[in-house]
Amino acid sequence: MSIEVTYKNCPDCNHRYPSYAGYKDWCDACGWNIAPDKQNRTETGYAPIYNTIVEKFSKQYSTSLFHTVCSATDIRPRRTIFSFLSSLVGVSALVLWISMIALSVWLLLMYPNLFAIAGALLCGLIAWYLRPEVAPMPKRTLQRTTVPTLFNVIEGICTELNAPMPDYVVLSTEFNASMGYAGIKRKRVLTLGYPLLLTLSAAECVALIAHEIAHDVNGDPARGFWQHFGTVMFEKWFVLTYPFEIMSSDDVGLYTKLISIPFNLLSWCVSQLFLGCSYMLSWLMWRESQRCEYYADLLAYTVAGNKNALSMFDKLAYYPYFAAAQQAAVLAPKGGKGMFERYADMIRELPSREIERIHRVNMLDSARIDSSHPPTPYRIAFIESRGILSGRYSLTDHKFQTLLNELRNYQPEVEELLIDEYRAAIHW
Ligand SMILES: [Zn+2]
Ligand SMILES: [Zn+2]
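Numbering-wise, numbering that gives the first Met the number 0 puts 146 at position 147 of the sequence shown, and it's gapless, one number per residue.
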């Protein structure tokens, strides 16, 4: 299918650029309209002071970490003062939780004092609300008998990384992949998004799976149970103590309204303290996580080879095309093509100018300390700084096609779920 091309002038620099029908207009000379939402980024949801602090530390930290990992031969994560601090805050959260239970029991022993009983109940309820929660076991998992090639590939990658085989492999509807832990015994769950797998080439698929498996062996503190518990618990304390208004707007009379002000102000101050603890713990963890992320990338590309590293990072940004195919499949289903057929057409027909734009959008990714991942340009530059990595595990195109054919049996089910998700999102 040929795409209609016209020529327009850039409103910013007057450069003449080709405009492809159906794709975003942008200027290759000055970068106008490459990604307006990213270029004029306004952080909503956070106080301006939060953004100022985060931006100041992010640039400094990301740049120095990038130079460190590029020049070091061994970037394996080590125990640092920051990982020690994050463990310490995690443990203090646990102590706080146990104190609530102890307080509840102590008050209960004061029976028949009714106030003590009420206090014991309140502390017990708070302790229940703050309890550590484990991720539930995945409901539907892939079985080796139905997708033997996928299991064989995962096993091959695990052997190369000296990593244990995941306990469960899940096929999801997401344009993503992840490695997580479920249940009290922290079973390893590798989740692979079907739409993303369809987007990648054989080598890119190996890099993706290897990156996720590497998360299990790279010592990332953000995956530590107690650190995670600490962050969640401080957030819950924040929710418990945050007053929705400083002066009550209920119809309670002027005196009650005035009396509520100091209590609510005190409550607000306490809530900000918990919020600060939660932010601090997250930043301490993310700081280490970013280092671990470079290590996971390095492990992944020593297994998959880094010839396709650039295209892999660009393809991770193809989500908007998939979302468009999802929408089209819901809005024009009758007699039309299926969601994945539409998506395959879209990807096949992407003009090189659009691929170039996606790459430039990726290179706009800016440094954030409040992110578990380093900025994409740094991740790409780090992998390139290691020279040519040939890769220890090779997946032939033929074997990759067999793997996809095995997964295709699940396509109707995945498509149905995606249609339901989209309908639910727009209340159709
Ligand atoms: Zn321009
Ligand atoms: Zn990662």
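Every residue, glycine too, gets a C-beta built ideally from N, C-alpha and C.
Note that the coordinates shown come from a computational prediction; the quantities given were computed from them, not determined experimentally.
Query - Sequence-ordered residues whose beta carbon comes within less than 6 Å of a heavy atom of ligand 3 - result: Looking for ligand 3 in the displayed structure turns up nothing; the ligands present are ligand 1 and ligand 2.
**Report entry** Closest by C-alpha distance to S310, when choosing among E203, H214 and A380
**Finding:** E203
Report task. Would you kindly report the start and end of the unbroken alpha helix (DSSP H) that includes V104? Result -> I80 to L107
Requested in this report: Would you check if there are 3 or more beta carbon pairs closer than 8 Å linking the segment 292 to 312 to the segment 378 to 393?
Outcome: yes
Query raised in the report: What is the residue span of the beta strand (DSSP E) that A181 lies within?
Result: A176 to A181
Requested in this report: Would you identify the three-state DSSP class for T428, choosing helix, strand or coil?
Outcome: Because the chain is modelled from 0 through 427, residue 428 falls outside the range shown and cannot be assessed.
Requested in this report: Taking 8 Å as the threshold, find out whether the segment 191 to 205 comes into contact with the segment 397 to 408 through three or more Cβ pairs.
Outcome: yes
**Report entry** Simplified DSSP assignment, three categories, for K314
**Finding:** helix
Query raised in the report: Taking C-alpha atoms, which residue in I212, L196, I153 and T172 lies nearest to G179?
Result: I212
**Report entry** Whether Y294 touches F321 by CB criterion (8 Å)
**Finding:** no
Query raised in the report: Under 8 Å between the Cβ atoms of F233 and S277?
Result: yes
Report task. Go ahead and label E42 buried or exposed: buried means 16 or more other beta carbons lie within 10 angstroms of its beta carbon, across all protein chains shown. Result -> In this predicted model, E42 has a pLDDT of only 49, less than 50, meaning its place in the structure is not dependable enough to derive any value.
Report task. Spell out the partners DSSP gives G192 in its beta bridges. Result -> S171
Requested in this report: Compute every distance between the C-beta of D396 and the non-hydrogen atoms of ligand 1, then say whether any falls below 7 Å.
Outcome: no
Query raised in the report: Taking a cut-off of 5 Å, which residues have a beta-carbon closer than that to any heavy atom of ligand 1, in chain order?
Result: C9, D11, C12, H14, C26, A28, C29 and W31
Query raised in the report: Where DSSP assigns a beta bridge to P17, which residues make up the other side?
Result: Y6
Requested in this report: Look at L93 and F237 and say whether their C-beta atoms are less than 8 Å apart.
Outcome: no
Query raised in the report: Can you tell me whether T145 is buried or exposed, with buried defined as 16 or more other CB within 10 angstroms of its CB?
Result: exposed
Requested in this report: Pull up the DSSP beta-bridge partners for R341, would you.
Outcome: DSSP lists no partner for R341.
Query raised in the report: If you draw a straight line from the alpha carbon of A71 to that of D296, how long is it in whole angstroms?
Result: 15 Å
Query - Closest residue to C460 among Y421, N404 and S384 (Cα-Cα distance) - result: Because the chain here runs from 0 to 427, residue 460 falls outside it and cannot be looked at.
Report task. Sort F273, I245 and D249 by Cα distance to I260 and report the nearest one. Result -> I245
Query raised in the report: Helix, strand or coil: how does DSSP classify R407 here?
Result: helix
Report task. List the residues that DSSP assigns as beta-bridge partners of K186. Result -> A181
Report task. Would you verify that the beta carbon of K398 is, or is not, closer than 8 Å to some beta carbon of chain D? Result -> Checking the listed chains, one finds no chain D in this structure; it contains a single protein chain.
Requested in this report: For Q325, count neighbouring Cβ atoms within 10 angstroms of its own Cβ and tell me buried if that reaches 16, exposed if not.
Outcome: buried
Requested in this report: Using the Cα positions of P319 and G275, report the straight-line distance between them to the nearest angstrom.
Outcome: 35 Å
Query raised in the report: Can you list, in chain order, the residues of its chain whose CB lies under 6 Å from that of A162, leaving out five sequence neighbours each side?
Result: I212, D215 and V216
Requested in this report: Tell me whether C446 is buried or exposed, calling it buried when 16 or more other Cβ atoms sit within 10 Å of its Cβ.
Outcome: Beyond the ends of the chain as shown, which are 0 and 427, falls residue 446; an answer cannot be given.
Query raised in the report: Quick one: Cα of P411 to Cα of G337, how far?
Result: 9 Å
Query - Under the three-state DSSP convention, the category S200 falls into - result: coil
Query raised in the report: Cα-Cα, which of E340, M345, L315 and L402 is closest to V360?
Result: L315
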